[in-house]
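A.B. asks: Following this message is one structure expressed as structure tokens.
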Amino acid sequence: MTIRIPPIQCLLTFEALARLRSVTQTADELCVTPSAVSHRIRQLEQILGTKLFGRADFSLTTEGIEYLAHVREGLATLAKFPSQSVSPGRRKLRLAVTPTFARSVLLPRLKQFSDAYPEIDLTLQVSIPLLDVVAEDADLMVRFGTGRYADVEHLCLAKDEVTPMASPAFVREHGPFDSVMDMEGLPLLRSPLEPWRTWFAAHDLDWPEPTEGSQFNDIGLMCDAAAAGMGIALLRLKLAAPWLDNGTLVPLYPRHVPSPHAHYLCWRTGTMDRWECSAFAEWLKKSLS
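Going by the numbering used here, the first residue of the sequence shown is number 4, and it counts up by one from there.
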């Protein structure tokens with residue numbers, strides 16, 4: 004089977020038009036006539052057998068969005084010369100991420116991204132895991148919440164389930180935990196990021212939200228506190244995976260309850276026009292699926 008590769012001028016025109024959304028500006032940038040721009044786009048769509056632009060404002064179709072990421076990646080690769088130093092062709096990507104998600108979920112996978120995209124320099128910064136915090140200087144942000152974000156575009160990365168966990172020593176001292184009532188009177192570690200009412204309601208318990216005891220605004224710190232025997236923590240399975248894997252935390256009950264919150268990748272309008280941002284978003288979503 005013969006594979007027909009689109010002419011490079013068609014790909015350059017497609018990338019420019021998707022970015023500028025103006026035939027006139029695209030023609031000026033490429034030093035061609037507006038009719039040449041239109042001709043190249045029609046030629047590219049004929050070769051691909053699909054529409055890339057959906058409306059007169061040059062918004063992309065679903066296929067166009069997907070193809071744009073591949074085109075930008077390919078053009079960036081072609082722009083690199085073997086004799087060049089690594090600096091000119093490199094791309095910068097700034098990511099703000101909550102600390103426990105970074106340690107438990109992102110960092111164990113990050114080498115895969117670096118291997119796949121060695122030309123992207125990723126800068127990680129820790130953000131406070133509260134629903135209304137936005138890192139102003141970050142290109143992409145991982146936020147934890149309900150997903151009702153009016154200030155940014157967003158993509159759901161991972162949902163999770165919660166269950167009470169404690170250290171093996173705590174379980175030996177206060178167990179066995181055969182019934183949910185066996186937790187009554189024991190110290191419950193608290194966090195505004197994961198209220199106990201989710202688990203209480205799923206088990207038909209009319210217990211009030213705890214108002215006493217140690218409280219943490221970072222899930223990783225709460226995992227460490229529970230592992231140190233300070234009490235029982237309501238924890239998400241994905242974030243607590245390192246502690247579960249090394250045996251410093253154990254679940255008290257086999258039943259897991261869906262968390263009402265999830266992790267979302269967020270960005271400002273226009274950010275995904277940069278291929279390094281769209282490449283990272285696509286990679287992260289696939290790596291967590």
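For glycine and all other residues, C-beta sits at the position ideal for the given N, C-alpha and C.
Is it right to say I11 is buried, meaning 16 or more other beta carbons lie within 10 angstroms of its own, or is it exposed?
C.D. replies: exposed
A.B. asks: Determine the direct distance from the alpha carbon of L224 to that of R106, and round the result to whole angstroms.
C.D. replies: 12 Å
A.B. asks: Taking 8 Å as the threshold, find out whether the segment 261–268 comes into contact with the segment 169–184 through three or more Cβ pairs.
C.D. replies: no
A.B. asks: Which same chain residues end up closer than 8 Å to R239 when comparing Cβ atoms and leaving out the 5 residues on each side of it in sequence?
C.D. replies: D163, E164, V165, E197, I222 and S262
A.B. asks: Give the secondary structure of L158 by DSSP, where H, G and I count as helix, E and B as strand, and everything else as coil.
C.D. replies: L158 sits in a strand when the DSSP states are folded into three classes.
A.B. asks: Under a Cβ-count criterion, where at least 16 other Cβ atoms within 10 Å of its own Cβ denotes burial, should L55 be classed as buried or exposed?
C.D. replies: Label assigned to L55: buried.
A.B. asks: Leaving out the 5 sequence neighbours to the left and right, which residues in its chain are closer than 7 Å to A244 when beta-carbon positions are compared?
C.D. replies: S107
A.B. asks: Give the straight-line distance between the Cα atoms of G67 and T272, rounded to the nearest whole angstrom.
C.D. replies: If I take the Cα positions, the gap works out to 17 Å.
A.B. asks: Starting from the Cα of V280, find the closest Cα among A141, A265 and C34 and give me that residue.
C.D. replies: In the sequence as presented, Val is not what sits at residue 280; that position holds Cys. It is A141.
A.B. asks: In the structure shown, what three-state DSSP assignment does E48 receive?
C.D. replies: helix
A.B. asks: Suppose you measure from the CA of T251 to the CA of G188; what does that come to, to the nearest Å?
C.D. replies: 23 Å
A.B. asks: Could you tell me the boundaries of the beta strand (DSSP E) in which Y267 lies?
C.D. replies: Unbroken beta strand (DSSP E) run through Y267: V260 to W270.
A.B. asks: Just list the alpha helix (DSSP H) runs in the segment 205–265, keeping only unbroken ones of 4 residues or longer that don't cross its boundaries, in chain order.
C.D. replies: 222–230 and 244–248
A.B. asks: Out of curiosity, what's the CA-to-CA distance linking V145 and L127?
C.D. replies: 11 Å
A.B. asks: So, for V100: in the same chain, excluding its five sequence neighbours on each side, which residues have a beta-carbon less than 8 Å away from its beta-carbon?
C.D. replies: L109, L127, Q128, V129, S130, M144 and V145
A.B. asks: Apart from the five residues just before and just after S90, which ones in its own chain have a Cβ nearer than 6 Å to its Cβ?
C.D. replies: Because S90 sits at a pLDDT of 49, beneath the cut-off of 50, its placement in the model cannot be relied upon, and the following sentence gives the value as read from the coordinates. Short of 6 Å from the beta carbon of S90, and not among the five residues preceding or following it, lies no beta carbon of its own chain.
A.B. asks: With H, G and I counted as helix, E and B as strand and the rest as coil, what does DSSP make of L110?
C.D. replies: DSSP places L110 in helix when its eight states are reduced to three.
A.B. asks: Ignore the nearest five residues each way along the sequence and tell me which others in W286's own chain have a CB closer than 6 Å to its CB.
C.D. replies: F116
A.B. asks: Evaluate L134 with the Cβ neighbour count: other Cβ atoms within 10 Å of its Cβ, from every protein chain shown; 16 or more gives buried, anything less gives exposed.
C.D. replies: In this prediction, L134 has a pLDDT of 47, which is less than 50 and means its spatial position is unreliable; nothing more can be read from the coordinates.
A.B. asks: Quick one: what does DSSP say A99 is sitting in, helix, strand or coil?
C.D. replies: strand
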